[in-house]
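Chemist:
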Amino acid sequence: MPVKPLLPLMALCLGLGLAANAVAEPIRVISDRTPAHLTGLFEHYEKTRGVDIEAVFVDKGLLARLQSRPTEADLVVTKTADLLEEAKAAGLLRPFASETIGSGIRPELRDPDDTWVTLSYRPRAIFVSKSRVKPGEISTYQDLADPKWQGRVCIRSGYHDYNLSLFSQMAADKGLEETRAFIAGLHRNLAHAPNGNDRAQARGLHEGVCDLAVVNSYYMPIMMSTEEQRPWGESATVIFPDQGQGGAYIMRGGAALTTADDRVAEATRLLEFLVSDEAQEFIVNTTFEYPVRDSVALPEAVRALGEGQPGVSEGRFEARFVPLADVVKQRDAVVGILDEINFDGR
Ligand SMILES: [Fe+2]
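According to the numbering used here, the sequence shown holds residues 83 to 428 in order.
1) Bridge partners for A318 per DSSP, in chain order?
2) For R234, does the three-state DSSP call read helix, strand or coil?
3) Which same chain residues end up closer than 8 Å to I321 when comparing Cβ atoms and leaving out the 5 residues on each side of it in sequence?
4) What ranges does the alpha helix (DSSP H) occupy inside the stretch 96-180, keeping only unbroken runs of at least 4 residues that lie completely in it?
5) Give me the DSSP bridge partner(s) of R204.
6) Could you tell me if T308 is buried or exposed, where buried requires 16 or more neighbouring beta carbons within 10 angstroms of its beta carbon?
7) Between the stretch 258-273 and the stretch 334-353, are three or more C-beta pairs nearer than 8 Å?
8) For K216, count neighbouring C-beta atoms within 10 Å of its own C-beta (all shown protein chains included) and say buried if the count is 16 or more, exposed if not.
9) Could you check what DSSP says for L339 in three-state terms: helix, strand or coil?
10) I'd like the list of long-range same chain contacts for T197, defined as Cβ closer than 6 Å, with 5 residues on each side in sequence excluded.
11) Could you give the residue range of the beta strand (DSSP E) that holds A295?
12) From E422 to D414, what distance separates their C-alpha atoms?
13) Cutting at 8 Å between CB atoms, please list the residues of its own chain near Y436, excluding the five before and the five after it.
14) With H, G and I counted as helix, E and B as strand and the rest as coil, what does DSSP make of L356?
15) Starting from the C-beta of C292, find all residues in its chain whose C-beta is less than 7 Å away, skip the five residues before and the five after it, and write them out in chain order.
16) According to DSSP, is Y241 helix, strand or coil?
17) Just mark S185 as buried or exposed, buried being the case when its beta carbon has 16 or more other beta carbons within 10 Å.
18) Three-state secondary structure (DSSP) at A401?
19) Hey, S239 and D426: beta-carbon distance below 7 Å or not?
20) Helix, strand or coil for V394 per DSSP?
21) Nearest to L144 by CA position, among E136, V158, G132, I135, is which residue?
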């Protein structure tokens, strides 16, 4: 009778399971996000679920860190999901088994092989000077390369993740030749050699250095919330590019399980929590990015973006979801184009 000996064995396993829970190892998270974007959320999770989270924040080099210490964390959370696609290719991620994620999140926002999921996204937008650019004068990325804007465009380094992602998405979407022509045209239109971060470009609009700037959408609400930077925000209008023409390219933030194998179930539950309405609401209100569930309301400051622009309604815009696997494949070629053009030079 095989059943009888199984029962004590099951009881033993259950007992061990309970004992393991009683010691409750923390879930270890590694992230390149701004700590303030996650710590409140993690504290809430710890309090309501009775599970400890140990988070390590790195500013840069998340992929290299994952490569050198692959099982240091159970869960990786990044502002640049492109890195997760690279980590996946390097065998550094474990597919998650979750019906909640599989059925609740649109396929465009997760890896077809279930190794990563988007937690939020934001468009690479065009900020335009309110006083020097008329409404409707610019509506597409392609316009940034129009000779009409010669000497009037600001952008940060072409090699920054945000721009590499933008150019690589364009390359995956429209081909390398069209992208090369765009990058060259954009470069010819620059007001000065790329420098500074996204906010510095918006400041350039305010100071009259340029009339158009490439900036992620969420910097507008962020700038409007600080006294020093509010004038920069007030000088600009946010344009969501390519509305009705394929949609704006987006930067995805995401999360994935590492190959660490001792806290898989717990880390999966935390991953499920991060895409829940409850967590998504927190994320959009702290980052001013867009939620992965349409049921989550946008903060007032985000709803105001793109007001009056055709195709944008209460801050909701048309996004272009280029598969990340295709995007990552273009990176090296894009870097080659930037080198060739000497994009960061003048
Ligand atoms: Fe940013």
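By construction, the Cβ of each residue, glycine as well, lies at the ideal position given by its N, Cα and C atoms.
Modeler: Reading off the structure:
1) As a working mapping, residue 318 is identified with position 236 in the sequence shown. Answer by DSSP bridge pairing, in chain order: S211.
2) Counted from its first residue, the sequence shown places residue 234 at position 152. Coil.
3) Position 239 of the sequence shown, counted from the start, is the residue given in the question as residue 321. Here the set comprises A207, I208, F209, V210, I220, S221, G388, Q391.
4) 121-131, 144-150, 164-171
5) Numbered from 1 along the sequence shown, position 122 holds the residue referred to as residue 204. R204 pairs with M333.
6) On the sequence shown, position 226 is the one that residue 308 refers to. Counting Cβ neighbours within 10 Å, T308 comes out exposed, since fewer than 16 surround it.
7) no
8) Mapped onto the sequence shown, residue 216 falls at position 134. It counts as exposed.
9) Taking the sequence shown and counting its residues from 1, the one referred to as residue 339 is at position 257. In the structure shown, L339 sits in a strand (DSSP, three-state: E or B).
10) One-based indexing of the sequence shown puts residue 197 at position 115. K170, L175, P177, A338, listed in sequence order.
11) As a first step, residue 295 is located in the sequence shown; it is residue number 213 there, counting from the start. 294-298 is the extent of the beta strand (DSSP E) around A295.
12) For the purposes of this step, residue 422 is identified with residue 340 of the sequence shown, where counting begins at 1. For the purposes of this step, residue 414 is identified with residue 332 of the sequence shown, where counting begins at 1. Rounded to the nearest angstrom, the two C-alpha atoms are 12 Å apart.
13) This structure cannot settle anything about residue 436, because the visible part of the chain is limited to 83 through 428.
14) Stepping through the sequence shown from its first residue, residue 356 is reached at position 274. Helix at L356.
15) Locating residue 292 in the sequence shown gives position 210, where the first residue counts as 1. Result list for C292: R234, V235, C236, A273, G286, in chain order.
16) For the purposes of this step, residue 241 is taken as residue 159 along the sequence shown, with counting starting at 1. Three-state result, Y241: coil.
17) Walking along the sequence shown from the start, residue 185 turns up at place 103. It is exposed - the Cβ of S185 has fewer than 16 other Cβ atoms within 10 Å.
18) As a working mapping, residue 401 is identified with position 319 in the sequence shown. Note: A401 maps to strand in three-state DSSP.
19) As a working mapping, residue 239 is identified with position 157 in the sequence shown. As a working mapping, residue 426 is identified with position 344 in the sequence shown. Result yes, Cβ atoms of S239 and D426 sit closer than 7 Å.
20) For this step, residue 394 is matched to residue 312 along the sequence shown. In this structure, V394 counts as coil in the three-state DSSP scheme.
21) One-based indexing of the sequence shown puts residue 144 at position 62. Considering only alpha carbons, the answer is V158.
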